[in-house]
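Structure record follows, encoded as structure tokens.
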Amino acid sequence: MRPNETVFQYLVAIRELANRGEGFLDETSIMENCINGIPESPSNKLILYGCTTIQEFKEKLGIYDKIFQNKSKNRSSYDTSLNPNFSSHCRDVESTFHNHRYDRYPKFNAQKPNSKFENKNFRDRNHVTCFNCSGSGHISKFCPDKHRGPKCILCENFGHKSDACPQKNIPSSNNVDEITPLTTMCKEVKILSKKILSLVDTGSQVTLMKESVWNQLGSPSLINSGNIRVLTGFGLSKTHVIGSFNSTVSIDNQDFPVKIHVVPNHSMNFDIIIGCNLIKQANLTIIPDSVMFSKLQIEVSDASPQPFVFAITDDIPKFDIGPEIPKQTRNDVKALLVSYRPNKIKTTDIELSISVTDYKPIYHSPKRLPSTERDIVDKQIDEWTQNGIIEPCSSAYASQVLVVRKKDGSPRVCIDFRKLNRVLVKNHYPLPLIEDILDKLQNTRVFSTIDLRNGFFHVPVNKQSRPCTSFVTQNGQFQFLRMPFGLSTSPSTF
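Just so you know, the sequence shown maps onto residues 32 to 525 in our numbering.
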């Protein structure tokens, strides 16, 4: 590398020299030769090691150039007249770097006239690296081992490059796949008339199969995996499930129906892992040399005098509200409960009225949803329409629809009223404190509960306020006839 040459120019020169050669030079060799040619101590060039691609190597060269640019300036301004040995490295070159890269020195030619290669007196000959054998002192054109082919920098053998090295995929001694042999817990199973070696894993909750094995079985139709979408394994590593299918697994001449989850090939070493969803169906016997499966046997004891029979009667259940309650009162309560029939009636004239501080309509385009979520939204829209909760409209307002997951994983369709809530006039109705309500329950004997599921839908929306509650989906625009969830004024109105 020349003193007035940047590391990026040097890298370009190395790559051009590699392309001029007769053989292809891989990226690893190019990066190695570039690092060797930079005139810095090995400790200063540590940052350049460890790259796998030329792009990554360029990024590290940029960092290296910023760190040592002051040294480069000092080196470029060094007075070569003070050190005559430095003159061979610091010649003024008027042409480009590639012109006159190799110069003849008559002094050296006169000393060794019989050597074909030595007559080619190159500038800084001792630092020239061969792209064929990675040796120094000669170039690939005059390499003495040229007939043996390129030299691999991984195994240091001739005849192939590092990208085609047979030892490339051999794991190192530090990479331990198995601490102890697992042949004891391996079992040959049969799925769809095909014998496959599997691992019996009592720590796995589900049965897993490689994608390649699934393809060998003819790619059975996959179904939705349900809540199992991401699997967490050893070291908290996560694996995405491709899909699932139901099949029958034959083990030790016993058939077990099981749901099998298909995972990518790189996620596990075994073709199939037998999990607890199959193990729970069998008696598992583990001996030092193998593991055996057998069907669960349901035993019926003959010592029982009579089999247990569920009694089904039409008798009215007894109501116990306390012996201290008068008999007439107990009879009245009993008659009330027996004769009760749900009767939905209107009990209040309260309606939801919406007032806004900004009369500019708030409108959003329909939010893009996955196909599974679109089906959930369409089903909810049909249910609300049939129950008289919403109706089609053409309002200037339009909020977006979201699908969120509850704590139990079930979906919930919500309307995003956040921008509308910013311009709503709040109804500061004083909500009661739970502590005050509990204080009022002192000295009470009988408690009752009321199910307020979808309680907001019991309150109608004022006709003039309905356009503000409008929302838009892929299939149309709708507005609420009943008070929706998500509005900041809904709790106080309710």
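Note that the Cβ used here is the ideal one computed from N, Cα and C, for glycine as well.
Give the straight-line distance between the Cα atoms of residue i and residue j, rounded to the nearest whole angstrom.
i: Ser332; j: Cys445; result: Only weak support exists for where Ser332 lies, its pLDDT of 45 falling under 50; the value from the coordinates is given anyway. Approximately 54 Å between the Cα atoms of the pair.
i: Phe173; j: Ile66; result: 22 Å
i: Asp302; j: Asn296; result: 8 Å
i: Asn140; j: Gly168; result: Reliability of the predicted coordinates at Asn140 is poor, the pLDDT of 43 falling under 50, and no value is obtained from them.
i: Gln40; j: Asp194; result: 26 Å
i: Met32; j: Gly93; result: 16 Å
i: Gln431; j: Arg453; result: 15 Å
i: Leu185; j: Cys196; result: 7 Å
i: Tyr95; j: Gly180; result: 34 Å
i: Leu248; j: Lys311; result: 25 Å
i: Glu209; j: Ile318; result: Any reading at Glu209 must be qualified, since the residue scores a pLDDT of 45, below 50, and its modelled position is unreliable; no value is offered.
i: Arg476; j: Asp363; result: 17 Å
i: Arg449; j: Glu466; result: 30 Å
i: Pro515; j: Thr403; result: 24 Å
i: Ser72; j: Ser171; result: 26 Å
i: Lys365; j: Asp470; result: 29 Å
i: Ser235; j: Lys226; result: 21 Å
i: Asp447; j: Leu483; result: 22 Å
i: Pro423; j: Asn474; result: 51 Å
i: Tyr133; j: Arg51; result: At Tyr133 the pLDDT is 47, less than 50, meaning the model places this residue with poor confidence and gives no usable figure here.
i: Cys164; j: Lys177; result: 8 Å
i: Pro522; j: Phe487; result: 8 Å
i: His459; j: Ser370; result: 41 Å
i: Asn35; j: His271; result: 53 Å
i: Val435; j: Met299; result: 32 Å
i: Ser325; j: Thr316; result: 8 Å
i: Leu327; j: Ile222; result: 20 Å
i: Gly68; j: Ser268; result: 41 Å
i: Gly517; j: Ile468; result: 25 Å
i: Thr233; j: Pro401; result: 36 Å
Any C-beta of chain C sitting closer than 7 Å to the C-beta of residue i?
i: Lys410; result: Absent here is chain C; the protein component of the structure consists of one chain.
Does the distance from the C-beta atom of residue i to that of residue j stay below 7 Å?
i: Gly306; j: Val244; result: no
i: Ser426; j: Ser501; result: yes
i: Asp57; j: Lys182; result: no
i: Pro397; j: Thr504; result: yes
i: Ser275; j: His292; result: yes
i: Asn308; j: Val289; result: yes
i: Val280; j: Phe287; result: yes
i: Leu228; j: Glu219; result: yes
i: Met240; j: Asp283; result: no
i: Val492; j: Phe509; result: no
i: Tyr428; j: Cys499; result: yes
Return the residue from the list the options that minimises the CA-CA distance to residue i.
i: Lys97; options: Thr37, Arg179, Gln505, Val490; result: Thr37
i: Val456; options: Leu367, Met216, Ser519; result: Ser519
i: Lys490; options: Glu382, Glu47, Ala429; result: In the sequence as presented, Lys is not what sits at residue 490; that position holds Val. When each option's Cα is compared against that of Val490, the closest is Glu382.
i: Phe88; options: Ser74, Asn64, Glu71; result: Asn64
i: Ser441; options: Thr416, Ile407, Met299, Tyr390; result: Ile407
i: Asp409; options: Ser496, Leu433, Gln86; result: Leu433
i: Thr388; options: Thr480, Leu451, Gln417, Gln359; result: Leu451
i: Lys250; options: Thr233, Ile273, Thr263; result: One point to set straight first is that residue 250 is Ser, not Lys, in the sequence displayed. Closest option to Ser250, Cα to Cα, is Ile273.
i: Phe525; options: Glu414, Pro463, Glu242; result: Pro463
Name the one or two DSSP bridge partners that residue i has.
i: Val526; result: The structure shown does not extend to residue 526, since the chain is modelled only from 32 to 525, so the question has no answer here.
i: Ile222; result: Lys225, Val280
i: Met240; result: Val293, Ile303
i: Leu433; result: Cys445
i: Thr504; result: Gly507
i: Thr270; result: Leu262
i: Ala313; result: Lys326
i: Cys196; result: The partner list for Cys196 (beta bridge, DSSP) is empty, contrary to what the question assumes.
Could you please give the first and the last residue of the uninterrupted alpha helix (DSSP H) stretch that includes residue i?
i: Ser281; result: Looking at the DSSP string, Ser281 is not in any alpha helix (DSSP H); the run it does join, the beta strand (DSSP E), is 274 to 282.
i: Cys65; result: 58 to 68
i: Asp470; result: 465 to 471
i: Leu451; result: 449 to 453
i: Gly93; result: 85 to 98
i: Leu483; result: Premise fails: Leu483 is in no alpha helix (DSSP H) and is neither H nor E.
i: Leu367; result: 358 to 370
i: Asn50; result: 38 to 51
i: Ile407; result: 402 to 417
Kindly indicate the opening and closing residues of the beta strand (DSSP E) around residue i.
i: Glu422; result: 421 to 423
i: Ser325; result: 322 to 326
i: Thr520; result: It is not in any beta strand (DSSP E) - Thr520 carries neither H nor E in the DSSP assignment.
i: Ile170; result: Where Ile170 is concerned, there is no enclosing beta strand (DSSP E), given that its DSSP letter is neither H nor E.
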